[in-house]
Amino acid sequence: MSNQSIAIQSVAVVGAGQMGAGIAQVAARGGLQVALCDQAESQAVQAVTKLKARLERQEAEGKVPPGTTVDVVGRIRTGGPLSGVADADLVIEAAPESLELKSALFRSLSALAKPSAILASNTSSLSITRLARETTRPELVIGMHFMNPVPVMKLVEVVRGTLTSDSTLQSVLALAEALGKQSIVSQDRPGFLVNRILIPLLNEACFALEEGVGSKEDIDAGARLGLGHPLGPLELADLIGLDTVLSIAEILHRDFGDSKYRPCALLRNLVQAGLLGRKTGRGFYVYDQNGKKS
Ligand SMILES: NC(=O)c1ccc[n+]([C@@H]2O[C@H](COP(=O)([O-])OP(=O)(O)OC[C@H]3O[C@@H](n4cnc5c(N)ncnc54)[C@H](O)[C@@H]3O)[C@@H](O)[C@H]2O)c1
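221 is the number that the working numbering gives to position 183 of the sequence shown; each next residue is one higher, with no gaps.
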């Protein structure tokens, strides 16, 4: 297998939610041409509008160099479903964490993207090998698991599927470095490395709350002040999105077949009630319009 990396100059990001918007920002900041598309085109447009406002504020405060907003926003094109995929050297899928949905997307990406294009998924837990099976180019399929918030967090967890080629791996590692990120490489196992560690922690915090061992504030303060975590587990679950946390917990439970991973009923109930955390304004905590805990 070739070890040579492919130079990536253009990226299509599929799904303009909190992760897709952040990935588009980081890629554009790194000088790549970016197509940001979403099932709902308005979502992609809104993501860029918010990004523009944020960068303008940071520019006015001297936190980023003058001209950054025009530069970054000027490199992002928005569009509807799969718009811009056909021209991209790399596609990064950041749609919701559902095997059915991502499988359908990978079938479409395989048909639409250039034959040489790498197809990456930002999945938190689904099997890259399984998604690769939906394509005719499994050697070009890989996991690029960015962390939230993408512009702030240094890590990209690169996930190697069973058939991912060395050159695909090297290309993605080189790109992550060019974007100012540090990579770790995980084999394709449920939850990979980061969520294998994180999700049981968040789920256990939900059990502790459900059992009344302590208040939500004390559970979070315990992790912040006692363990040095920047956010408590319930705050972090709200930031990630409780639907995403539940999906990953369900995958760990199902794929390892071990009851220690069973999702807490309280987490399930919050998701069923549509209280998904910051993105809906309420999860374990309530948030105002600016995302501040009230
Ligand atoms: N939230 C996190 O902290 C986090 C961290 C790392 C990885 N991830 C992973 O990133 C992915 C996206 O998570 P998110 O938090 O950004 O979700 P999100 O709900 O904020 O955004 C998902 C976006 O995908 C769009 N979408 C839905 N179906 C689509 C389709 N068929 N084609 C194109 N777009 C479609 C939705 O309109 C939405 O804008 C998931 O796989 C998740 O597991 C999330």
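We put the CB at the ideal spot given by N, CA and C, even for glycine.
Distance cut-off 7 Å: residue i Cβ against heavy atoms of ligand 1
i	result
VAL52	yes
ASN186	yes
HIS183	yes
LYS317	yes
ILE278	yes
ALA132	yes
ASP296	no
PRO119	yes
THR173	no
ASN160	yes
GLN63	no
GLY116	Sequence inspection shows Thr at residue 116; the Gly mentioned does not correspond to that position. No, the Cβ of THR116 stays beyond 7 Å of every heavy atom of ligand 1.
GLN220	no
GLU135	yes
ALA124	no
ALA303	no
GLN81	yes
ALA66	no
C-beta atoms of residue i and residue j nearer than 8 Å
i	j	result
LEU305	VAL283	yes
GLY329	PRO189	no
GLN71	SER48	yes
GLU131	LEU120	no
LEU89	VAL102	no
ASP127	ALA155	yes
LEU169	VAL179	yes
ASP293	PRO228	yes
GLU177	THR116	no
Between the CA atoms of residue j and residue i - distance to the nearest angstrom
i	j	result
GLU195	SER159	11 Å
ALA91	GLY295	46 Å
MET39	LEU201	Confidence at MET39 is low in this model, with a pLDDT of 43, below 50, so its placement is unreliable and the value that follows should be read with caution. Going by the C-alpha atoms only, they are around 11 Å apart.
LYS317	ILE278	9 Å
LEU313	ILE235	24 Å
GLN327	THR174	44 Å
SER205	PHE184	20 Å
SER203	SER209	10 Å
ILE46	LEU213	7 Å
VAL197	PRO104	36 Å
Residues that DSSP places opposite residue i in a beta bridge
i	result
LEU143	Note: LEU143 sits in no beta bridge, so no partner.
LYS331	TYR325
GLU131	VAL52 and SER159
In chain order, which continuous runs of the beta strand (DSSP E) of length 3 or greater are located wholly inside the region 40-90?
48-52 and 71-75
Taking the runs of the beta strand (DSSP E) that are 3 residues or longer, which of them lie wholly in the region 182-263?
193-198 and 220-225
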